[in-house]
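> Per the UniProt record's numbering, numbering of the sequence shown is gapless, rising by one per residue and ending at 152.
All C-beta atoms, glycine included, are put in the ideal place defined by N, C-alpha and C.
Take a look at this one; I'll ask things after.
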Amino acid sequence: MLPSPSQMKENNNPGRLPADRGSNLPAGSYFFINEPLTWTEAQTYCRQKHSDLATIKSTEDVDQLIKTLSSADHSSEVWIGLFSEINWIWSDGFTGSGAEFRDWETSSYEPDFASANQFCVLIDSNGRWWDANCQYSYSFICNNGKNPSIIN
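So this is what it looks like as structure tokens:
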């Protein structure tokens, strides 16, 4: 169960989810949440606070996501909403135009399903995608919701 908004004012206690604080971003942008969570925890957070983990349909979306990370001065990988259940699918169920867009890190032969347990996707600060173990904890990107902001 998530803490109530009044319980989330300070994030000094590990295990609490991040409080909504930071600068506003323009409409149509993504939310960056600088709180390492597993992919499933990040998905739950995005669904409860915004809409879902980020869905990326084009190079323009990748560019916007990179700008969001850059404005937060974040330079490491973050979870996005792509995961595999035999085929790669988006967390929010998106299947429209652009649903098949991918930007894998090809120099490392991604996706490589290393150890047969990499079924969730990270994006790096250059916009390249990596498959990863869903149980690892990373910061994450949510799709746009009602009150865009960077969450630290």
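Tell me whether the region 130-138 and the region 67-74 touch, counting them as touching only if at least three CB pairs, one residue from each stretch, are closer than 8 Å.
Too few Cβ pairs lie closer than 8 Å, so no.
> Identify the continuous beta strand (DSSP E) that holds Tyr45 and give its terminal residues.
Here residue 45 is taken as the residue at index 45 of the sequence shown, counted from 1. Where Tyr45 is concerned, there is no enclosing beta strand (DSSP E), although the alpha helix (DSSP H) it sits in stretches over Trp39 to Lys49.
> When the distance is taken between beta carbons, is Cys142 closer than 9 Å to Leu53?
Taking the sequence shown and counting its residues from 1, one reaches residue 53 at position 53. Taking the sequence shown and counting its residues from 1, one reaches residue 142 at position 142. It is a contact, given that the beta carbons lie within the stated cut-off.
> Let's test the definition: count the other Cβ atoms within 10 Å of the Cβ of Asp61 and tell me whether it reaches 16, buried, or not, exposed.
Position 61 of the sequence shown, counted from the first residue, corresponds to residue 61. That one is buried.
> Which residue marks the beginning of the alpha helix (DSSP H) containing Ile89, and which one marks its end?
Walking along the sequence shown from the start, residue 89 turns up at place 89. Careful: Ile89 lies outside any alpha helix (DSSP H), inside the beta strand (DSSP E) at Asn87 to Trp90.
> Since Ser91 contacts Gln48 with CB under 8 Å, what's their CB separation in whole angstroms?
What you label residue 91 is simply residue 91 of the sequence shown in a count that begins at 1. What you label residue 48 is simply residue 48 of the sequence shown in a count that begins at 1. About 13 Å separates the two Cβ atoms, so there is no contact after all.
> By the 10 Å Cβ neighbour count, where 16 or more other Cβ atoms means buried, how is Ile86 classified, buried or exposed?
Reading the sequence shown from its first residue, position 86 is the one you call residue 86. Exposed, since its Cβ has fewer than 16 Cβ neighbours within 10 Å.
> Does DSSP put Glu60 in a helix, in a strand, or in coil?
Along the sequence shown, read from residue 1 onward, the residue named residue 60 stands at position 60. If DSSP states are grouped into helix, strand and coil, Glu60 belongs with the helices.
> Please classify Pro26: is it buried, with 16 or more other beta-carbons within 10 angstroms of its beta-carbon, or exposed?
Here residue 26 refers to the residue found at position 26 of the sequence shown. With a pLDDT of 44 at Pro26, under the threshold of 50, the predicted position of this residue should be treated as unreliable, though the coordinate-derived value follows. With fewer than 16 other Cβ atoms within 10 Å, it is exposed.
> What is the C-beta distance between Asn144 and Tyr30, in whole angstroms, given that I count them as a contact (C-beta under 8 Å)?
Reading the sequence shown from its first residue, position 144 is the one you call residue 144. Reading the sequence shown from its first residue, position 30 is the one you call residue 30. Confirmed, about 6 Å.
> Smallest Cα separation from Phe101: which of Thr38, Ser58, Tyr45 and Glu35?
Walking along the sequence shown from the start, residue 101 turns up at place 101. Cα-wise, what sits closest to Phe101 is Ser58.
> Within its chain, find whatever has a CB closer than 6 Å to the CB of Phe140; leave out the 5 residues flanking it on each side and keep chain order.
Mapped onto the sequence shown, residue 140 falls at position 140. Ile33, Ala42, Val78 and Trp79, listed in sequence order.
> So the beta strand (DSSP E) Trp130 belongs to, where does it begin and stop?
Translated into the one-based positions of the sequence shown, residue 130 becomes position 130. Run containing Trp130: Trp129 to Asn133, per the beta strand (DSSP E) assignment.
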